[in-house]
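Taking my numbering, the leading residue of the sequence shown gets 835, the next gets one more, and so forth. Cβ coordinates follow ideal geometry from the N, Cα and C atoms, glycine included. Have a look at the structure below before the remarks.
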Amino acid sequence: MTAPEGRTGTPTGPVPWCDRCGEAAAQGDHRTCAAARALEPPRFCPDCRRRMKVQVVPTGWTATCVEHGDRHG
Ligand SMILES: [Zn+2]
Ligand SMILES: [Zn+2]
């Protein structure tokens with residue numbers, strides 16, 4: 835096992851969690867997730883893996899993480 839990279843400050847690299855299936859973004863195949871995400875709002879916060887409250891609005895969607903706030907799409 836290798837030590838994870840230290841994450842300090844604002845993460846600029848890939849997000850740790852897949853925002854559709856909630857699994858580790860670095861593991862597995864998320865191509866189907868990415869394809870679905872082009873059409874659908876996310877379900878999980880990519881930063882903390884919490885399930886987000888998703889509202890579909892006329893302009894797209896709003897997903898709210900209790901920890902990280904609103905995302906819009
Ligand atoms: Zn996924
Ligand atoms: Zn979050």
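Three-state secondary structure (DSSP) of T866: Here T866 sits in helix by DSSP.
Euclidean distance between Cα positions of Q861 and C879: 16 Å
Residue environment, R854, which counts as buried when at least 16 other CB atoms sit within 10 Å: buried
Residues of its chain near T898, where Cβ-Cβ distance is below 7 Å and the 5 sequence neighbours each way are ignored: So the list reads M886, K887, D904, once near-sequence residues are dropped.
Under 6 Å, CB to nearest heavy atom of ligand 3: contacting residues: What this structure holds is ligand 1 and ligand 2, not ligand 3.
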